[in-house]
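**Student:** For reference, the structure I am asking about is given below.
In our numbering, the protein residues as written are 17 to 712.
Here you go:
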């Protein structure tokens, strides 16, 4: 058998192309696989097993959710035993560890564990054990009594700490390096007394988040001053009559850039100090979280926001903002959702510098859905704009940003006609130019745009939003354009196997001249949408997949298998790819001819450290000439509004781009940050790596 095995290996080395791939590249490819596939790959052949055992980086990232059987916990032990001394990142949601296997693994490997994220069973993390490599500890979703010898009582690398609640020690060197701290407020008098030494134990804090603050323990919070390094502050309370703004006033520092407060709207005070000097104001209603957010973009890249815990209190929130109008004299741009427009019209009138108003409009899906069904959109609320025409004649533009989140029922011509009918009713008012965003291009060509006498219809436009940006097509002026060619692709289908050849990659039978040049992949829950562009600007095809109920693989992994079933010429013809960040690992290596890569990075879903994966993009696709990084922070409640990015977000992004930049990742183009934040940022850390920013 040994001789036969050697002969087989020798034949493969001479005839199998995969043997020409260096071990290091294969090992790098293995790191992109889900954990179960990494194990399967290690059993394919002797060579692959040798590679799997010889490269600890393959086992350096472990992601397990809901693992409780001892047999599966033993897989964690096996993987850690193969990781050598390589830094390990753990992302674990494990509810019980009756066998003690997880605790044993943590004790044996604490010396090279870098990240512990998720939710660990109570008592499984060895609090007093030395952890010289630990940088992030966010997996303690229970109350913790921190001992004085936490992490061995030594000053290490701990940068981020999150726990449900905590009792602080009297002294603890390991806490002195923490820059980001996320905690619940005190839960009892015993733990509350320890919070008085919060700032003494964390002298280098840059970001502090205290959730679920209780009024009973207000006197136990530190009086200040806060560490001079504090740049981001988040305070939250659901107690009635608890105003958290005095803490903000006591803890303000010269470096404080991002402030987020959440409490009862009936006791809001000091809002004038929170919003002083604001140049942009954003109002967002989140019916899912039952809250109203008011976000102020201030000079120097500062972002201050306050959230009120009752979405029904729109009128009260508007009165509170109006009460501090003297602090809003420099506001030039205001964003207010359509349902709140009437309540905030007094605020619009009270802002002397206001030149631009954005009105987000969410189109509710009407069931049963059909191709020509109109959505439920309260266009009649636009009548409130007549007050604006009388009191703010100096305003330049009004933008109606229409969004629809029903995949099976996109915006229709009836929706557009409903809007135009309402705008016709406003004709005769001296309104500023109006811009409309969100309607599909092919619908606009089927809609007759009336000539309005008193506001500029040539500014009414469609924004065709893609991950790479937005392009506008005039619908009310003299300009006309061809409607994109929509090939016969079944728009929706259940099961990734429904269309294994992915016909959206080709047009007219798939000749070389008709191959796709750009793919845009968007991940929704639970579907995946693929749009193919090219050749030519008027070729657009799309298909949406819904995963099979019995498909255990992540959607991206299942999709990658389908792409590999497509003809190789089709894959090589794709020169530009835009995709969500979670799909990067599974899909990138499928397209060998890739030259441009667009990645959507959602702040609320990924740690900033995950951006190191961009370096692997150039390793797997050496032909890549440009990488566009689109950064978003989105609220996924029914309001579906975007949360403004902050200067602290930009600082963390720059810190993460600097390290891969030194390893060869250059030419990254970043989108999503406001001009005010970028102008005020110190980008010297990435100046040598050709990082650029595109601001709205």
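Cβ atoms here follow ideal geometry from the backbone N, Cα and C, with glycine treated the same way.
Among 296, 301, 323, which has the Cα closest to the Cα of residue 275?
**Tutor:** 323
**Student:** Beta-carbon within less than 7 Å of residue 233's beta-carbon, same chain only, minus the 5 sequence neighbours each way: which residues are those?
**Tutor:** The answer, listed in chain order, is 201, 202, 208.
**Student:** What is the rounded straight-line gap between the Cα of residue 325 and the Cα of residue 349?
**Tutor:** 25 Å
**Student:** So which of 612, 598, 610, 607 has the shortest CA-CA distance to residue 628?
**Tutor:** Closest by alpha carbon: 598.
**Student:** Scan the segment 277-339 and note each continuous alpha helix (DSSP H) run of 4 residues or more that stays entirely inside, going in chain order.
**Tutor:** 287-291, 330-339
**Student:** Give the range of the beta strand (DSSP E) segment to which residue 158 is assigned.
**Tutor:** 152-161
**Student:** Once you ignore the five residues that flank residue 242 on each side, which residues in its own chain have a CB closer than 7 Å to its CB?
**Tutor:** 215, 267, 269
**Student:** Where in the segment 23-110 do unbroken runs of the beta strand (DSSP E), each at least 3 residues long, occur, reported from the N-terminal end onward?
**Tutor:** Whole beta strand (DSSP E) segments, 3+ residues: 77-81, 104-109.
**Student:** Give me the Cβ distance between residue 787 and residue 697, rounded to the nearest whole Å; I'm assuming they're in contact under 8 Å.
**Tutor:** Summary: the structure shown does not reach residue 787, with the chain confined to residues 17 through 712, and so no result is reported for it.
**Student:** May I ask you to report which of helix, strand or coil DSSP gives residue 614?
**Tutor:** strand
**Student:** Let me know the secondary structure DSSP gives residue 215 once reduced to three states.
**Tutor:** helix
**Student:** Does the segment 220-229 come close enough to the segment 242-253 that 3 or more CB-CB pairs lie under 8 Å?
**Tutor:** yes
**Student:** Please state if the CB of residue 89 and the CB of residue 117 are separated by a distance shorter than 7 Å.
**Tutor:** Yes, Cβ-Cβ distance for residue 117 and residue 89 is below 7 Å.
**Student:** Output the distance between the C-alpha atoms of residue 435 and residue 277, rounded to the nearest integer angstrom.
**Tutor:** Roughly 36 Å between the two C-alpha positions.
**Student:** List the DSSP bridge partners of residue 647.
**Tutor:** 617
**Student:** For residue 114, count neighbouring Cβ atoms within 10 angstroms of its own Cβ and tell me buried if that reaches 16, exposed if not.
**Tutor:** exposed
**Student:** Quick one: what does DSSP say residue 190 is sitting in, helix, strand or coil?
**Tutor:** helix
**Student:** Between which two residues does the beta strand (DSSP E) carrying residue 252 extend?
**Tutor:** First-last of the beta strand (DSSP E) with residue 252: 248-252.
**Student:** Note down, in chain order, each residue of its chain lying with its Cβ closer than 6 Å to the Cβ of residue 100, except the 5 sequence neighbours on either side.
**Tutor:** 72
**Student:** Kindly indicate which residue of 362, 168, 159 has the alpha-carbon position closest to the one of residue 199.
**Tutor:** 159
**Student:** Of the residues 128, 80, 36, which one's Cα is nearest the Cα of residue 52?
**Tutor:** 80
**Student:** Three or more C-beta pairs closer than 8 Å, one from the segment 186-196 and one from the segment 163-177: is that the case here?
**Tutor:** yes
**Student:** To the nearest angstrom, how far is it from the Cα of residue 693 to the Cα of residue 704?
**Tutor:** 20 Å
**Student:** According to DSSP, which residues form a beta bridge with residue 416?
**Tutor:** Bridge pairing for residue 416: 375, 452 [DSSP].
**Student:** Considering only residues of the same chain and omitting the five flanking positions on each side of residue 239, which have a CB-CB separation below 8 Å?
**Tutor:** Non-local beta-carbon contacts of residue 239 in its own chain, meaning distances under 8 Å to residues more than five positions away in sequence, involve 266 in chain order.
**Student:** Using the beta-carbon count (16 or more within 10 Å), is residue 351 buried or exposed?
**Tutor:** buried
**Student:** Determine, using beta carbons only, whether residue 67 and residue 39 come nearer to each other than 7 Å.
**Tutor:** yes
**Student:** Measuring straight from C-alpha to C-alpha, what distance separates residue 321 and residue 260?
**Tutor:** 13 Å
**Student:** Which of the three DSSP states is assigned to residue 117 in this structure?
**Tutor:** helix
**Student:** Around the C-beta of residue 34, are 16 or more other C-beta atoms found within 10 angstroms, so that it is buried, or is it exposed?
**Tutor:** Around the beta carbon of residue 34, fewer than 16 other beta carbons lie within 10 angstroms, which makes this residue exposed.
**Student:** Count the other CB atoms, across all protein chains shown, that sit within 10 Å of the CB of residue 60; report buried if there are 16 or more and exposed otherwise.
**Tutor:** Looking at its Cβ environment, which holds fewer than 16 other Cβ atoms inside 10 Å, residue 60 is exposed.
**Student:** Should residue 688 and residue 646 be called a contact, given that it needs their Cβ atoms to be closer than 7 Å?
**Tutor:** Using a Cβ distance threshold of 7 Å, residue 688 and residue 646 count as a contacting pair.
**Student:** Evaluate residue 87 with the Cβ neighbour count: other Cβ atoms within 10 Å of its Cβ, from every protein chain shown; 16 or more gives buried, anything less gives exposed.
**Tutor:** exposed
**Student:** Report yes if the C-beta distance between residue 313 and residue 300 is below 7 Å; otherwise report no.
**Tutor:** no
**Student:** So is residue 112 buried or exposed if we call it buried at 16+ other beta carbons inside 10 Å?
**Tutor:** exposed
**Student:** Taking the alpha carbon of residue 156 as the point to measure from, which residue in 666, 76, 176 has its own alpha carbon closest?
**Tutor:** 176
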